[in-house]
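For reference, the structure is listed below as structure tokens.
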Amino acid sequence: MDKLVNTTSSSGLSFKPLEPRVEAHLNIVWKKYQVFSKAAEKFLERMRQEI
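First residue of the sequence shown? That's 1 in our numbering, and the numbers climb one at a time after it.
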């Protein structure tokens, strides 16, 4: 999920890798024929590009 959250120095957030590496599996589900907001559509579009 790299780059889904702004972690630049101006954001106040940071990313700290864990050692040993910890992995988690993620499932995203929604109702059939769901109408999404523009933001949700963009999010799903980006997720599809990443997988």
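Think of the CB as a built atom: it goes at the ideal place given N, C-alpha and C, for glycine as much as any other residue.
Out of Lys32, Lys31, Arg46, state which residue places its alpha-carbon closest to the alpha-carbon of Lys38.
Here residue 38 is taken as the residue at index 38 of the sequence shown, counted from 1. Selected option, being the one with the closest Cα: Arg46.
Selected residue, minimal CA-CA separation from Ile78, among Leu26, Thr8, Val5, Lys16
Residue 78 falls outside the range modelled here, since the chain spans only 1 to 51, and no answer is possible.
Where Lys52 and Val22 are concerned, what is the direct C-alpha to C-alpha distance, given to the nearest angstrom?
Only positions 1 to 51 of the chain appear in this structure, which leaves residue 52 out of reach.
Determine the contact status of Leu13 and Val5, defining contact as a CB-CB distance below 8 angstroms.
The sequence position of residue 13 within the sequence shown is 13, counting from 1. The sequence position of residue 5 within the sequence shown is 5, counting from 1. Less than 8 angstroms divides the Cβ of Leu13 from the Cβ of Val5.
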